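Quick notes on the structure that follows.
2 protein chains.
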Amino acid sequence: MAPTSETLTAERILEATEEVLRRHGPAKATVVDVARALGVSHGSVYRHFRTKAALREAVTKRWLDRTSGELSGIAAADRDPEARLRDWLTALFAAKRRKAGDDPELFATYTVLTGENGTAVSEHLADLTAQLTRVIQAGVETGSFTAADPEATARAVFQATARFHDPGYAQEWRQEGVEADFEAVVDLLVRGLRA
Amino acid sequence: MAPTSETLTAERILEATEEVLRRHGPAKATVVDVARALGVSHGSVYRHFRTKAALREAVTKRWLDRTSGELSGIAAADRDPEARLRDWLTALFAAKRRKAGDDPELFATYTVLTGENGTAVSEHLADLTAQLTRVIQAGVETGSFTAADPEATARAVFQATARFHDPGYAQEWRQEGVEADFEAVVDLLVRGLRA
DNA sequence: CAGCTGACAGATTTCAATATCTGTCAGCTG
DNA sequence: CAGCTGACAGATATTGAAATCTGTCAGCTG
Numbered sequence: 000m001a002p003t004s005e006t007l008t009a010e011r012i013l014e015a016t017e018e019v020l021r022r023h024g025p026a027k028a029t030v031v032d033v034a035r036a037l038g039v040s041h042g043s044v045y046r047h048f049r050t051k052a053a054l055r056e057a058v059t060k061r062w063l064d065r066t067s068g069e070l071s072g073i074a075a076a077d078r079d080p081e082a083r084l085r086d087w088l089t090a091l092f093a094a095k096r097r098k099a100g101d102d103p104e105l106f107a108t109y110t111v112l113t114g115e116n117g118t119a120v121s122e123h124l125a126d127l128t129a130q131l132t133r134v135i136q137a138g139v140e141t142g143s144f145t146a147a148d149p150e151a152t153a154r155a156v157f158q159a160t161a162r163f164h165d166p167g168y169a170q171e172w173r174q175e176g177v178e179a180d181f182e183a184v185v186d187l188l189v190r191g192l193r194a
Numbered sequence: 000m001a002p003t004s005e006t007l008t009a010e011r012i013l014e015a016t017e018e019v020l021r022r023h024g025p026a027k028a029t030v031v032d033v034a035r036a037l038g039v040s041h042g043s044v045y046r047h048f049r050t051k052a053a054l055r056e057a058v059t060k061r062w063l064d065r066t067s068g069e070l071s072g073i074a075a076a077d078r079d080p081e082a083r084l085r086d087w088l089t090a091l092f093a094a095k096r097r098k099a100g101d102d103p104e105l106f107a108t109y110t111v112l113t114g115e116n117g118t119a120v121s122e123h124l125a126d127l128t129a130q131l132t133r134v135i136q137a138g139v140e141t142g143s144f145t146a147a148d149p150e151a152t153a154r155a156v157f158q159a160t161a162r163f164h165d166p167g168y169a170q171e172w173r174q175e176g177v178e179a180d181f182e183a184v185v186d187l188l189v190r191g192l193r194a
C-alpha cells in the first residue's frame with residue numbers, strides 16, 4: 000500500500016506480515032505478498048528472515064508474548080496464591096478465547112505452528128508453566144498448597160486444563176456450558192492442591 | 000476375496016468394512032471396495048446402511064463398544080472407589096494407546112468421526128462419563144470422596160484427563176514422560192476428590 | 001560497499017479435465 | 001416377491017500441465 004521509504008527493518012516486516020496474515024490467513028499468505036505490502040522485492044525480506052517459517056514463527060512469537068505479558072502480572076501479584084491461581088487460569092482461558100474470536104487468522108497461524116512443534120510455541124508453553132510453577136511455589140511457601148514437586152504439579156495443572164487453552168479445542172469454547180465445565184475442573188484442581 | 004454365498008447381513012458388511020478400513024484407511028475406503036470384498040454390488044450394501052457415513056459410524060460404534068466393555072468391568076468392580084478410579088483411568092489411557100498403535104487406520108477413522116461430531120462418538124463419551132459418575136457416586140457413598148454433583152465432577156475428571164484419551168493427542172502418547180505426566184494429573188484429581 | 005533487485009531452479013500450489021464414487025431406482029432373478 | 005443388480009445423475013476425488021512460490025545469488029544503484 001503505502002511504501003513508506005523508511006529503512007526496511009525486521010520490525011516493519013513483522014508488522015506487514017501480521018497484516019497480511021490477518022487478511023489472507025496462514026494458508027494463502029506468501030512472502031511475495033509481504034514484500035508487495037512493503038513496496039520492496041521479496042529478496043529483501045529474505046535478508047532479514049532466513050525462511051518463511053522463521054518469519055511466521057517470529058510473528059507468532061510477538062503475538063504470544065502479548066498474552067504471556069498479561070498473565071505474568073497476575074502470576075507475580077502479591078495476593079493469596081489460591082486466588083492468584085484461579086485468576087491466572089481464568090485469564091488464560093479468557094485470553095485464548097478472545098484471540099480465537101478477534102483474530103481468527105492469526106489464531107489459525109498459531110494453531111498451524113502448534114502442530115509443527117515450532118520453537119516459539121514450546122517456549123510459550125515453557126513460559127506459561129514457569130509462571131504457574133511460581134504461583135504454586137508461593138502457595139507451598141505460605142502453606143496453603145501441598146506439592147512435592149511444584150514444577151511437575153504445574154505441568155499437571157496446565158495439562159489438566161488443556162481443554163481450555165489448547166487451540167485444538169477452540170471450536171468447543173463457543174459451546175453452551177464451557178464456563179461451568181471450566182469452573183468444575185479448576186475447583187477440583189484447587190482442592191487437590193490444598194494442604 | 001472369498002464371496003461366501005451366505006445371505007448378506009449387516010454383520011457381514013460390518014466385518015468386511017472393518018477389514019477394508021484397516022487396509023485402506025478412512026480417506027481411501029469406498030463403499031464399492033466393501034461390496035467388492037463381499038462379492039456383491041454396492042447397491043446391496045445400501046440396502047443395509049442408508050449412507051456411507053452411517054456405515055462408517057456403525058463400524059466405529061462396534062469398535063468403541065469393545066473399549067466400553069473392558070472398562071465397565073472395572074467401574075462395576077466391588078472395590079475401594081479410589082483404586083477403582085485410578086484403575087479405570089489407567090485402563091482408559093492404556094486402551095486408547097493400544098488402539099492407536101495396533102489399529103492405526105481404524106483409529107484414524109475414529110478421529111475423523113470425532114471431528115465430525117458423530118452420534119456414535121457422543122454416545123461413547125456419554126457412556127464413559129456415566130461409568131465415571133458411578134465410580135464417583137460409589138466413593139461419595141462410602142465416604143471416601145466429596146462431590147456435590149457427581150455427574151459434573153465426573154465430566155470434570157474426564158475433561159481434565161483429555162490429554163490421555165482424546166485422539167487428537169495420540170502423537171504425544173509416544174513421547175518420553177507421558178506416563179509420569181499422567182500419574183501427576185491423576186494424583187492431583189484424586190486428591191481433589193477425597194473427602 | 002551496504003542494501004536492494006530481479007532472474008532463476010526447484011518445490012509447491014492451482015486449475016480444469018477426467019475418472020471415480022455415492023446414493024437411487026427400475027427391473028431382473030431365483 | 002424379497003433381495004439383488006447395474007445403469008445413471010450429481011458430487012467428489014485424481015491427475016497432470018501450467019502458474020506461483022520459496023530461497024539463492026550475481027550484479028545494479030545510491
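From first to last, the protein sequence lines stand for chains R and E.
Final position of the first sequence in numbering that gives the first Met the number 0 is 194; the numbers increase by one with none missing.
Final position of the second sequence in numbering that gives the first Met the number 0 is 194; the numbers increase by one with none missing.
No residue lacks a Cβ here, since even glycine has one placed at the ideal position from N, Cα and C.
Computed from a predicted model, the values in this text were never measured in an experiment.
Bounding residues of the alpha helix (DSSP H) (the contiguous stretch that carries residue i)
i      : result
W172/R : Where W172/R is concerned, there is no enclosing alpha helix (DSSP H), given that its DSSP letter is neither H nor E.
K98/E  : P80 to D101
P149/R : P149 to A159
E182/E : V177 to L192
D32/R  : V30 to L37
Assigned secondary structure, residue i (DSSP; H/G/I helix, E/B strand, else coil)
i      : result
F144/E : strand
R65/E  : helix
S195/R : This structure leaves residue 195/R out entirely; chain R is present only between 0 and 194.
F197/E : Within the shown structure, residues of chain E are numbered from 0 to 194, placing residue 197/E beyond reach of any answer.
L124/R : helix
R22/E  : helix
T8/E   : coil
G42/E  : helix
G138/R : helix
F48/E  : coil
G117/R : coil
A57/R  : helix
K27/E  : helix
Y107/E : First, the residue type needs correcting, since residue 107/E is Ala and not Tyr in the sequence shown. Three-state DSSP puts A107/E in a helix.
A129/R : helix
A76/E  : coil
Contacts around residue i, its chain only, beta-carbon distance under 6 angstroms, and the 5 residues preceding and following it disregarded
i      : result
A169/E : A99
T110/R : P166
A28/E  : V19 and L20
T3/E   : Confidence at T3/E is low in this model, with a pLDDT of 47, below 50, so the placement of that residue should be treated as unreliable; the coordinate-derived value is given next. Excluding positions up to five away in sequence, the list is empty.
K95/R  : H164
T113/R : V120 and P166
L37/E  : A15
Close beta carbons around residue i, own chain, < 7 angstroms, minus the five adjacent residues each side
i      : result
T141/R : P80
R78/R  : none
A107/E : G24 and P25
T16/E  : V33, L54 and V58
S43/R  : L7 and A34
K60/E  : A119
A159/E : V184 and L188
A219/R : With chain R covering 0 to 194 only, the question about residue 219/R has no answer from this structure.
Residues of its chain near residue i, where Cβ-Cβ distance is below 8 angstroms and the 5 sequence neighbours each way are ignored
i      : result
A74/R  : R83, W87, Q130, L131, R133 and V134
E171/R : R162 and V177
S40/R  : A34
G191/E : none
V139/R : T145, A146 and P149
A90/E  : E69, L70 and I73
E104/R : L20, R21, R22, H23, G24 and P25
V30/E  : H41, V44, Y45, K51 and L54
I12/E  : V33, L37, V44, H47, F48 and L54
- Message: Under 8 angstroms, with one C-beta from each stretch per pair, do the stretch 107-123 of chain R and the stretch 69-86 of chain R reach the 3-pair mark?
- Response: no
- For the stretch 151-166 of chain E, which residues have a beta carbon sitting closer than 8 angstroms to at least one beta carbon of chain R? A151, T152, R154, A155, V156, Q158, A159, T160, A161 and R162
- Interface positions of the stretch 77-88 of chain R facing chain E (Cβ-Cβ less than 9 angstroms), listed along the chain: none
- Item | Three or more C-beta pairs below 8 angstroms linking the stretch 139-159 of chain R and the stretch 39-56 of chain R | no
- Item | Residues in the stretch 173-185 of chain R having any Cβ partner in chain E nearer than 7 angstroms | D180, A183 and V184
- Query: Of all the residues that make up the stretch 96-127 of chain E, which are near chain R by a beta-carbon distance shorter than 9 angstroms?
  - Reply: none
- For the stretch 20-32 of chain E, which residues have a CB atom closer than 7 angstroms to at least one CB atom of chain R, in sequence order? none
- Any residues in the stretch 37-67 of chain R with a beta carbon nearer than 8 angstroms to a beta carbon of chain E? Which ones, in chain order? none
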